[in-house]
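K.L.:
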Amino acid sequence: MASKRLEKQTEEEDFISRLPDDVLAHILSRLDTKEAVKTSIIAEHRRIWLLKFVGSVLSRCQSKEIQDFEIKDCYFLRDADLPCLREWMCFAIERNVHNLTLKVQIRMERSVIRIPQTILTCKNLVKLNLGNWDAVLDIPDSTVCFPSLKILSIFVEYPDMVLMQRLFQSCPVLEELTIDGHLKHNENALTYIIVVPTLKILKVSLSMINKIDATAHKFVIKAPNLEFLYIADDSLSLNNSPNLVVLILKKDMVYFDTDDRIVRLPFESKSLPPCLGLHVKIIQLKIKEGVDDEL
1 MASKRLEKQT EEEDFISRLP DDVLAHILSR LDTKEAVKTS IIAEHRRIWL
51 LKFVGSVLSR CQSKEIQDFE IKDCYFLRDA DLPCLREWMC FAIERNVHNL
101 TLKVQIRMER SVIRIPQTIL TCKNLVKLNL GNWDAVLDIP DSTVCFPSLK
151 ILSIFVEYPD MVLMQRLFQS CPVLEELTID GHLKHNENAL TYIIVVPTLK
201 ILKVSLSMIN KIDATAHKFV IKAPNLEFLY IADDSLSLNN SPNLVVLILK
251 KDMVYFDTDD RIVRLPFESK SLPPCLGLHV KIIQLKIKEG VDDEL
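Okay, structure coming up:
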């Protein structure tokens, strides 16, 4: 009985597969959203149906303002689908999106995904999440962008801190910044400087592919309004943070030699200002997985 049902289902799928793309797109546009998506992912070659279906749904939207818009987990996209992806981004930007999430990894071969420049002047954009995003965002020098952006989350692979600082400085009202990603090994220690005067919350978690042989990097943070700091790094320097209330320093691994003696300390105490204890209420040192020390 089960084999007959499977055979019948296969015959139905083969029949659907032979229909023209325009007919399939029309059928999908008439289905409930969840059912249309389920149908469109039955086989790999049907991704074109889903692209047309999404385009059809967006074209019917008459709203001039969108609260939330997310593009996530589109692993089925290919190089040839990048124009559709750009159209989706432009759709959200043109409708004054408030919260935008671009969290996609595409099976690219040669193409570079460029986020539309119009996002820089989006007046209503308050929250932007660029997570696991294989894309490029070009920001001109000495230009104030993102006039209303208060929350920014980014995932980076081997970040260029000059370009990142240009991004941060272009956000005049930024209050919360989250940076995740990976640092590449460098023979010389590098210094990453984060200067954001309006920043209140900062979370930095950048890991090394080869932690044992990695050179220590240093983070210099200049954020006078900072209240909350979470950082997973080898070295930290705080410059003038009189409003800091919560400080969390994390190190995922502690390295030992053959005699079980610690050979590398997770943080440099000299990098913390002497007056830190006058205003900080909570300090957490997360030195080893599952072990927290709170002062």
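The sequence shown begins at 1 in the UniProt record's numbering and counts up one residue at a time.
For each residue, glycine too, the CB sits at the ideal point set by N, CA and C.
1) Report, in whole angstroms, the separation of the C-beta atoms of Leu100 and Phe69, which I expect to be a contact under 8 Å.
2) Straight-line CA distance for His217 to Val54?
3) Kindly indicate which residue of Leu285, Lys203, Pro197 and Leu190 has the alpha-carbon position closest to the one of Gln169.
4) Taking its Cβ as the centre, do 16 or more other Cβ atoms sit within 10 Å of Val204, making it buried, or is it exposed?
5) Can you name, in chain order, every residue of its own chain whose Cβ lies under 6 Å from the Cβ of Met164, other than the five neighbours on each side?
6) Which full runs of the alpha helix (DSSP H) of 4+ residues lie inside the stretch 59-100, going along the chain?
7) Per DSSP, which residues does Tyr192 bridge with? Please list them.
8) How should Lys281 be labelled, buried or exposed, when 16 other C-beta atoms within 10 angstroms of its C-beta is the threshold for buried?
9) Between Ile71 and Leu102, how many whole angstroms is the CB-CB distance? I'm expecting something under 8 Å.
10) Measuring only the C-alpha atoms, how far is Ser56 from Leu50?
11) To the nearest whole angstrom, what separates the beta carbons of Ile113 and Val144, a pair I think is in contact under 8 Å?
12) First and last residue of the alpha helix (DSSP H) that includes Phe168?
13) Just curious, the beta strand (DSSP E) that Phe146 is in, first and last residue?
14) If you reduce the DSSP assignment to three classes, tell me which class Ser56 lands in.
15) How would you label Ser241, buried or exposed, when you count the other beta carbons within 10 angstroms and need 16 or more for buried?
16) Using a Cβ-Cβ cutoff of less than 6 Å, which residues in the same chain neighbour Ile221 once the five nearest sequence positions on both sides are dropped?
17) Alpha carbon to alpha carbon, what distance is there between Ile151 and Ile248?
18) Let me know if Tyr192 comes out buried or exposed under the rule of 16 or more other beta-carbons within 10 Å of its beta-carbon.
19) Looking at Leu130: is its Cβ nearer than 9 Å to the Cβ of Phe91?
P.N.:
Here's the rundown:
1) Along the sequence shown, one-based indexing puts residue 100 at 100. Along the sequence shown, one-based indexing puts residue 69 at 69. Contact flag correct, Cβ pair sits at about 5 Å.
2) Residue numbering aside, residue 217 sits at position 217 when the sequence shown is read from its first letter. Residue numbering aside, residue 54 sits at position 54 when the sequence shown is read from its first letter. So the alpha carbons of these two residues sit roughly 44 Å apart.
3) Taking the first residue of the sequence shown as 1, we reach residue 169 at position 169. Of the listed residues, the one whose Cα sits closest to Gln169 is Pro197.
4) By one-based count along the sequence shown, residue 204 stands at place 204. It is buried - the Cβ of Val204 has at least 16 other Cβ atoms within 10 Å.
5) Position 164 of the sequence shown, counted from the first residue, corresponds to residue 164. Closer than 6 Å at the Cβ level, and outside the excluded window around Met164, lies no residue.
6) 82-94
7) As a first step, residue 192 is located in the sequence shown; it is residue number 192 there, counting from the start. Answer by DSSP bridge pairing, in chain order: Phe219.
8) On the sequence shown, residue 281 is found 281 positions in, with the first residue counted as 1. Lys281 should be labelled exposed.
9) The residue given as residue 71 occupies position 71 in the sequence shown. The residue given as residue 102 occupies position 102 in the sequence shown. That pair is a contact at about 5 Å.
10) In the sequence shown, residue 56 corresponds to position 56, counting from 1. In the sequence shown, residue 50 corresponds to position 50, counting from 1. Their Cα atoms are separated by approximately 10 Å.
11) Along the sequence shown, one-based indexing puts residue 113 at 113. Along the sequence shown, one-based indexing puts residue 144 at 144. Ile113 to Val144, Cβ: 25 Å. No contact.
12) What you label residue 168 is simply residue 168 of the sequence shown in a count that begins at 1. That run of the alpha helix (DSSP H) goes Met161 to Gln169.
13) Working through the sequence shown from its first residue, we reach residue 146 at position 146. Looking at the DSSP string, Phe146 is not in any beta strand (DSSP E), and its letter there is neither H nor E.
14) Position 56 of the sequence shown, counted from the first residue, corresponds to residue 56. In this structure, Ser56 counts as helix in the three-state DSSP scheme.
15) Residue 241 sits at position 241 when you count from the first residue of the sequence shown. Ser241 should be labelled buried.
16) For the purposes of this step, residue 221 is taken as the residue at position 221 of the sequence shown. These residues qualify, in order along the chain: Ile194 and Leu238.
17) As a first step, residue 248 is located in the sequence shown; it is residue number 248 there, counting from the start. As a first step, residue 151 is located in the sequence shown; it is residue number 151 there, counting from the start. If I take the Cα positions, the gap works out to 20 Å.
18) For this step, residue 192 is matched to residue 192 along the sequence shown. By the neighbour-count rule (16 or more Cβ atoms within 10 Å), Tyr192 is buried.
19) Position 130 of the sequence shown, counted from the first residue, corresponds to residue 130. Position 91 of the sequence shown, counted from the first residue, corresponds to residue 91. Not in contact: Leu130 and Phe91 (Cβ atoms no closer than 9 Å).
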